[in-house]
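Novice: These protein sequence lines are chains E and C, in that order. Be aware that the first sequence starts at 7, since it is given in the numbering used here, and climbs by one per residue. Be aware that the second sequence starts at 7, since it is given in the numbering used here, and climbs by one per residue. Beta carbons are placed, not taken as given, at the ideal position from N, Cα and C, and that holds for glycine.
Number of protein chains: 2
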Amino acid sequence: MRSRKEKWQVAVLEILQASEKPMSAYDVLGELRNANPRIAPPTIYRTLSYLVEKGRAHRLESLNAYIACKNHKHDKSAVITICEDCGAVDEYVATDVLKVLSNVIAHSGFATLRHVIELQGVCENCGFEQTSV
Amino acid sequence: MRSRKEKWQVAVLEILQASEKPMSAYDVLGELRNANPRIAPPTIYRTLSYLVEKGRAHRLESLNAYIACKNHKHDKSAVITICEDCGAVDEYVATDVLKVLSNVIAHSGFATLRHVIELQGVCENCGFEQTSV
DNA sequence: TTAGATTATGTTATATTATAACATAATTGT
DNA sequence: ACAATTATGTTATAATATAACATAATCTAA
Chain E
7 MRSRKEKWQV AVLEILQASE KPMSAYDVLG ELRNANPRIA PPTIYRTLSY LVEKGRAHRL
67 ESLNAYIACK NHKHDKSAVI TICEDCGAVD EYVATDVLKV LSNVIAHSGF ATLRHVIELQ
127 GVCENCGFEQ TSV
Chain C
7 MRSRKEKWQV AVLEILQASE KPMSAYDVLG ELRNANPRIA PPTIYRTLSY LVEKGRAHRL
67 ESLNAYIACK NHKHDKSAVI TICEDCGAVD EYVATDVLKV LSNVIAHSGF ATLRHVIELQ
127 GVCENCGFEQ TSV
């Protein structure tokens, strides 16, 4: 049992990859309905869950939105930056820093399995614009 | 213009403080309705926003829920740990680590203003239970 | 001290995000 | 081919959040 499931995954991933900005589940649903008008929310939520679990997409918890993973290693634990000005989102891998963070916490007996790290601020482009005014 | 606004803030904060577990906005609403049956969602969302902005409460983005800030300094940028087993939530201040993280990102031109850092895993208690089985 | 500006609150309605529950269909393994 | 399993479709609804605007409290300055 793979072809049907994968069909949706490919379609959703292509939609996310084509988007400059994070998309809500219902944004993706809207796109999919162009080709397939009868598709319903559970399908899209299931598909997004699979993609996130495989590291092919990220869920931005602070936006309730999704992006395609742009990192070749499809690391589930990316650091996400979100520009509050233009909405641009980028991914970073800061494994060392995160390992240190996780170790600091581990002193208190907590074992980290996953993490959500989303930095909100101003991206390079928008920062330049601000200083030039 | 303060007393009405602060009345809700105190009431909500007390409810959050009395709770062992994170509460959704509607959980808080339910509690408030015991004393004030006519209160509506916007009031509670506004109050929670104020509290979060003042650092007196944290919004857990990955749970869509809220907790009272337990840290005396009411630092807005706490590191939150969430036990997937029992739901217990704790706050940590890991300023140094976060500063390093922010600096790593800053090389790419991004200026961090706020961050969401939520670690999901297994807390000390639940970890002990697991190994003792 | 009161008229006008401002800010907070109340209220109604609705938008947005997400999942439960169960029927149907495809796939797999034997 | 049949039963077991897993995925998908479908309907309905739950859970989370905000828009829009009316009302009321507070503040400010004449």
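Pull up the CB-CB distance for Leu35(C) and Ile45(C), whole angstroms please, since I reckon it's below 8 Å.
Specialist: With a Cβ gap of about 7 Å, Leu35(C) and Ile45(C) count as contacting.
Novice: For Ala100(E) and Lys60(E), what's the separation of their Cα atoms in angstroms?
Specialist: About 19 Å.
Novice: Can you name the start and end residues of the beta strand (DSSP E) that Val128(C) belongs to?
Specialist: First-last of the beta strand (DSSP E) with Val128(C): 117-128.
Novice: Would you kindly report the start and end of the unbroken alpha helix (DSSP H) that includes Leu54(E)?
Specialist: 47-59 is the extent of the alpha helix (DSSP H) around Leu54(E).
Novice: If we cut at 8 Å on Cβ distances, does His121(C) have a partner in chain E?
Specialist: Judged by the 8 Å Cβ criterion, His121(C) is in contact with chain E.
Novice: Just the C-alpha distance for Glu26(E) and Glu37(E), rounded to the nearest angstrom, thanks.
Specialist: Distance between the alpha carbons of Glu26(E) and Glu37(E) is about 14 Å.
Novice: Let me make sure I understand the geometry here. Which of Arg120(C), Gly93(C), Asn131(C) has the alpha-carbon closest to that of Met29(C)?
Specialist: Nearest C-alpha to Met29(C): Gly93(C).
Novice: Using the three-state DSSP reduction, which class does Val139(E) fall into: helix, strand or coil?
Specialist: Below a pLDDT of 50, predicted positions are generally treated as unreliable, and Val139(E), at 41, falls in that range; no measurement from the model is reported.
Novice: Report the option in Pro48(E), Asn77(E), Val18(E), Val106(E) whose CA atom is closest to the CA atom of Asn40(E).
Specialist: The shortest C-alpha separation from Asn40(E) is found at Val18(E).
Novice: If the criterion is Cβ atoms closer than 8 Å, does the pair Ala209(E) and Leu22(E) meet it?
Specialist: This structure leaves residue 209(E) out entirely; chain E is present only between 7 and 139.
Novice: Verify the CB distance criterion: does Asp32(E) have a CB-CB separation below 8 Å to chain C?
Specialist: Looking at the sequence provided, one finds Tyr at residue 32(E) rather than Asp. For Tyr32(E), the answer is no, since every Cβ of chain C falls outside 8 Å of its Cβ.
Novice: Touch check for the region 71-83 of chain C and the region 96-113 of chain E: three-plus C-beta pairs under 8 Å?
Specialist: No, the region 71-83 of chain C is not in contact with the region 96-113 of chain E.
Novice: Which class does Thr132(C) belong to by DSSP, given the choice of helix, strand or coil?
Specialist: In the sequence on display, residue 132(C) carries Cys and not Thr. DSSP places Cys132(C) in helix when its eight states are reduced to three.
Novice: At a Cβ threshold of 8 Å, is Ser25(C) touching chain E?
Specialist: No, no contact with chain E.
Novice: Would you identify the three-state DSSP class for Glu90(E), choosing helix, strand or coil?
Specialist: The answer is coil: DSSP assigns Glu90(E) none of H, G, I, E or B.
Novice: Ile6(C) and Ile86(C): beta carbons closer than 8 Å?
Specialist: Chain C is shown only over 7 to 139; residue 6(C) falls outside these bounds and no answer can be derived.
Novice: Can you tell me whether DSSP reads Gln15(E) as helix, strand or coil?
Specialist: Of the three classes helix, strand and coil, the one that applies to Gln15(E) here is helix, per DSSP.
Novice: Quick check on Ala31(C): does DSSP put it in helix, strand or coil?
Specialist: It is helical.
Novice: On the DSSP letters alone, give me the boundaries of the beta strand (DSSP E) that Val95(C) sits inside.
Specialist: Note, Val95(C): beta strand (DSSP E), 95-98.
Novice: Below 7 Å CB to CB, which residues in the same chain sit around Cys132(C) once its five sequence neighbours on both sides are set aside?
Specialist: Answer for Cys132(C): Cys89, Asp91, Cys92, listed in chain order.
Novice: So for Arg44(E), helix, strand or coil by DSSP?
Specialist: Three-state DSSP puts Arg44(E) in coil, outside helix and strand.
Novice: Going by other Cβ atoms of all chains shown within 10 Å of its Cβ, with 16 needed for buried, is Ala71(E) buried or exposed?
Specialist: When all chains shown are included, Ala71(E) counts as buried.
Novice: From the DSSP output, read off the bridge partner residues of Leu66(E).
Specialist: Answer by DSSP bridge pairing, in chain order: Ala71(E).
Novice: Between Val128(E) and the rest of its own chain, which residues show a CB-CB distance below 8 Å, the 5 nearest in sequence each way excluded?
Specialist: Closer than 8 Å at the Cβ level, and outside the excluded window around Val128(E), lie Cys89, Glu90, Asp91, Gln136.
Novice: Let me confirm a value: Tyr51(E) is counted as buried when at least 16 other C-beta atoms fall within 10 Å, else exposed. Which label applies?
Specialist: That one is exposed.
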